[in-house]
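Chains as they are written, first to last, in my numbering: chain E, 1 to 302; chain G, 303 to 771. By construction, the Cβ of each residue, glycine as well, lies at the ideal position given by its N, Cα and C atoms. Below: one structure, written as C-alpha cells.
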C-alpha cells in the first residue's frame with residue numbers, strides 16, 4: 001500500500017507540474033499563433049481600439065468589409081466575427097473581455113436563430129475562449145453555466161484542448177494573410193448554391209440565452225455603446241415572422257434591427273453566395289456598401 | 303455509464319476502494335459488491351434494460367442447472383436448445399425484428415402485395431449481443447462438459463454482468479472468468495499499476511486517436527452526396543484506425559479495470575493491422591468474438607474436417623453470421639460476406655498457411671491492409687447505396703480532399719505514437735517505456751500520457767462504436 005501511495009502521489013504532483021508548465025507553453029503558442037480564430041480573439045481581448053465593432057459568428061466574419069464601412073462613416077471599424085462561435089454565450093464572453101480594455105462607440109451584432117433558440121449543445125463554442133479563463137469574472141460565469149468552470153480551474157492544459165492542434169499548426173501556417181481589420185476575403189467558390197431553400201421558423205426559445213442576450217444589451221447600455229442588430233443576406237427564404245423573438249427583444253430595448261434576410265436581399269444573385277448561409281468576397285463587398293449606407297443613416301440619427 | 307465520462311472516473315475509484323476495503327477472504331461479499339456495482343453501471347443507460355440482462359442471466363442459469371442435473375443426453379439437449387432459443391429470441395426481437403419485418407414488407411410490395419407487419423419502437427439495449435453471447439457460451443460449455451455448473455446464482459450473475467466487459471466485451475469464456483470469482487484477490491501493486499497503464503493507453507486510443515478520426519470520418523460518411531473522391535479516400539483510410547482505436551481502446555480500458563481489481567480478461571486485439579492475410583487479421587481482431595464463432599459455430603458446422611467445398615461453406619456461414627451479429631443492416635451482412643469470401647479465396651490459394659518474409663511479406667501486408675480497409679467502407683457506410691457512392695467516388699472523382707489541417711496533424715501524431723508502440727511490440731524493438739524496468743520512466747509515461755490526453759483528446763464523452771452491437 002505504501003508503494004501505491006508513493007506512485008499515486010508522484011503521478012499527481014508530476015501531472016500538476018506538467019499541467020502548469022504545459023499551460024504556460026500553450027499560452028505562449030496561443031498568443032503567437034496565426035490560425036483562424038486565435039489571433040482575432042487575442043486582438044479583441046488585448047488590442048481592440050476601433051470605434052465600430054462588428055460581432056457575430058462566421059456570418060459576421062465573412063460578410064463585413066471594414067474598409068468599406070470605414071470609408072462611408074469616417075470611423076475606424078473592426079470585424080470581430082469569430083467563425084463557429086455559435087451563439088450569444090460566445091458574444092457575451094468576448095464582449096466582457098473587450099470592455100475591460102476599450103469601449104467602442106458602436107457595436108453591430110449579427111444575430112441569428114442560435115442566439116435565442118434552443119440547441120442540443122449550446123455551449124460547444126465557449127471552449128474557444130477557455131485560454132482567457134480567469135481573466136474576467138463575468139466572462140467566466142458562462143463557463144460555470146456550461147459546466148466547464150472547474151475543469152478549467154483544475155487543469156491549465158485543458159483550457160487549450162479545443163484548439164491545441166490548430167494553435168500549434170498556426171505557428172507554421174499563416175491563415176491570416178491578406179486580412180484587413182479582422183476580415184479575410186473568402187475566394188470564389190467552385191459551385192454557387194443552386195436552390196433557394198426554405199428555412200423553417202424555430203419555436204423553442206431558450207430562456208437562458210434570452211437572459212444572456214439581455215445581459216449583453218445591458219452591458220452595452222451601461223457603457224454607453226450604441227448597439228445595432230442585423231441579419232445579413234442568406235440564400236434561403238423564411239416566413240415574415242422568422243425573427244420575431246429577436247425583433248421583440250430589440251424593440252423592448254430600443255435597438256435598431258436591420259433585417260436583410262427576410263427582405264430577400266440578393267435572392268436574385270446566387271453568384272454572391274458561397275453556400276446558403278454565407279456570402280463570398282464579391283457578395284460581402286456589395287453587401288457591406290448597402291450596410292454601411294444604412295448604418296450611416298442610423299448613426300447620424302443618433 | 304461510459305468509460306470516458308466523469309461519472310465513471312468517480313464510480314471506478316469508489317468501487318475499487320470499497321472492494322479492497324473488504325477483506326480478500328470474504329469472496330462472496332466482494333462478489334456481491336461487484337454485482338451491485340455492475341447493475342448500477344448498466345442501469346445508468348436505461349434502468350428497464352437491466353431486466354433483460356437479468357432475464358438472460360436467469361434463463362441460462364436455470365438451463366445450466368437442468369443440463370447439469372439430468373444424465374440423459376436428450377434432456378440435456380432440450381435444456382440447451384431452450385436456453386439458445388429463448389436468448390436468441392430476445393436478441394432477435396430487440397435487434398433484428400424491425401429490420402426483418404421492413405425488408406419483408408418491401409419485398410412483398412415489390413411483388414405487388416401490400417402487407418403491414420407490426421413495428422416495435424424498442425431501443426437496442428446496450429451490449430445485448432455481448433452478454434447474450436457470453437451467457438450462451440456458458441450454456442454450451444456446460445452442455446459439452448467444458449465447464450462445471452455454477453450453482454451460486456450471484457456468482458453466475460456476476461459472470462454475465464461483470465461491469466468492465468459487460469457492454470462491449472471481451473466476450474469472456476466461463477472457464478476463464480468464473481473460477482476467478484472464487485479466488486481471493488489480494489491487493490497487488492504490480493497488477494494495479496499494470497491495469498492503470500492499460501487503462502491510460504486505452505483512453506489514448508479512444509480519445510486521441512478514434513474520436514479525432516471520427517470528427518473527419520463522420521463528417522464525410524454522414525454526408526456522402528456532398529463530398530469528392532479524395533475525401534472518401536481519406537475517410538476510408540482513417541476509419542480503420544477509428545474503429546481500431548475505439549474498440550481496442552475500450553477493450554484495453556476494460557482489461558485494465560479488471561486487472562486493477564485483480565482479474566485477468568482475455569486479450570481482444572493483437573496488432574491486427576500487421577496481419578499479412580485476412581485469415582491472420584481475424585486471429586488478431588476482436589479475438590474474443592472470432593474465437594467464439596470458431597468454437598460455437600464454425601467447428602460445430604464441421605470446421606476444417608470436411609470436404610473442401612463444405613469447408614468453404616462453413617467459413618462463409620460463420621462470417622455471414624458474424625456480419626449479422628454486428629447489426630441489423632445490409633452493410634454488416636455484406637461486410638461479413640466479403641470477409642468470408644476473401645477467406646475462402648485465401649484458403650483456395652493456400653495463402654493463410656504460408657509464412658512470408660522480406661518484400662513478399664510487405665506485399666502481402668499491403669494487399670491485406672487495403673482489402674480490410676475496403677471492407678470497412680461497407681461496415682461504416684450508413685447504407686449500401688452510400689457504400690457504393692464512396693467506392694465509385696474513390697475510383698472516379700479523385701480530387702483533393704476536404705482539408706482539415708489541425709485534425710490531420712493531431713491524427714498523424716497519434717498514429718505515429720501508436721505505430722511506434724505497435725512496431726516495438728511486433729518486431730521486438732527495445733524502446734518500451736510503459737513496461738520499462740525503471741520506476742521513474744514507467745511513472746513518467748503515465749504522467750505524459752494523461753497530459754497528452756487532456757491536451758489532445760476529444761473529451762466530449764462520445765459513444766463507443768461497438769456499444770450499438
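- Going by beta carbons, residue 431 of chain G and residue 393 of chain G fall inside the 9 Å limit.
- About 6 Å separates the Cβ atoms of residue 246 of chain E and residue 116 of chain E, confirming a contact at the 8 Å cut-off.
- In the three-state scheme derived from DSSP, where H, G and I count as helix and E and B as strand, residue 411 of chain G is classed as helix.
- The beta-carbon distance between residue 457 of chain G and residue 476 of chain G, rounded to whole angstroms, is 11 Å. This is too long to meet the 8 Å contact definition.
- Excluding the 5 residues flanking it on each side, residue 588 of chain G has same chain C-beta neighbours closer than 8 Å at 471, 549, 570, 571, in chain order.
- Taken in chain order, the whole beta strand (DSSP E) runs of length 3 or more contained in the segment 78–161 of chain E are 106–110.
- Here the C-alpha atom of residue 544 of chain G lies approximately 44 Å from the C-alpha atom of residue 244 of chain E.
- Just measuring C-alpha positions, the residue of E/213, E/285, E/261, E/272 sitting nearest residue 95 of chain E is E/213.
- The three-state reading of DSSP puts residue 597 of chain G in helix, counting H, G and I together.
- Closer than 9 Å to the CB of residue 157 of chain E there is at least one CB belonging to chain G.
- Residue 168 of chain E is positioned such that its CB atom lies closer than 9 Å to that of residue 711 of chain G.
- Judged by DSSP in its simplified three-state form, residue 231 of chain E adopts strand.
- At least one beta carbon of chain G lies nearer than 9 Å to the beta carbon of residue 3 of chain E.
- Cβ neighbours of residue 251 of chain E within its own chain (closer than 8 Å, five residues either side excluded): 257.
- Per DSSP, the unbroken alpha helix (DSSP H) holding residue 548 of chain G starts and ends at 531–563.
- Its chain contains 361 as the residues whose beta carbon lies nearer than 7 Å to that of residue 388 of chain G, once the 5 sequence neighbours on both sides are disregarded; these appear in chain order.
- Ranked by Cα distance from residue 508 of chain G, the first of G/685, G/643, G/556 is G/556.
- Interface annotation, residue 166 of chain E: in contact with chain G, CB-CB separation under 9 Å.
- The shortest C-alpha to C-alpha distance from residue 3 of chain E to any of G/754, G/537, G/751, G/745 is the one to G/745.
- The C-alpha of residue 758 of chain G is placed about 17 Å away from the C-alpha of residue 721 of chain G.
- When Cβ-Cβ separations below 9 Å define contact, residue 143 of chain E makes no contact with chain G.
- Residues of chain G whose Cβ lies closer than 7 Å to the Cβ of residue 160 of chain E are, in chain order, 757.
- Distance from the Cα of residue 34 of chain E is smallest, within the candidate group E/55, E/44, E/157, E/172, for E/172.
- For residue 236 of chain E, the beta-bridge partners assigned by DSSP are E/197.
- With contacts defined by Cβ atoms closer than 9 Å, residue 88 of chain E and residue 69 of chain E do not form a contacting pair.
- Contact between residue 614 of chain G and residue 649 of chain G holds, with the beta-carbon distance rounding to 7 Å and staying under 8 Å.
- Taking the CA atoms as reference points, residue 60 of chain E sits about 24 Å from residue 164 of chain E.
- Assignment of beta-bridge partners to residue 55 of chain E by DSSP yields E/109.
- Contact check between the segment 14–33 of chain E and the segment 151–165 of chain E: three or more CB pairs, one atom from each, fall below 8 Å, which counts as touching.
- With a cutoff of 9 Å on beta-carbon distance, residue 703 of chain G and residue 564 of chain G are scored as not near each other.
- Residue 372 of chain G carries a coil assignment under DSSP once its states are collapsed to helix, strand and coil.
- For the segment 494–515 of chain G, the set of positions with a beta-carbon nearer than 8 Å to some beta-carbon of chain E reads 494, 495 in chain order.
- When rounded, the separation of the alpha-carbon atoms in residue 75 of chain E and residue 294 of chain E is 15 Å.
- Considering only E/129, E/139, E/151, the residue with the shortest C-alpha distance to residue 37 of chain E is E/129.
- Note: residue 180 of chain E is bridge-paired with E/183 in the DSSP secondary-structure output.
- By the neighbour-count definition (other C-beta atoms within 10 Å, threshold 16), residue 140 of chain E is a buried residue.
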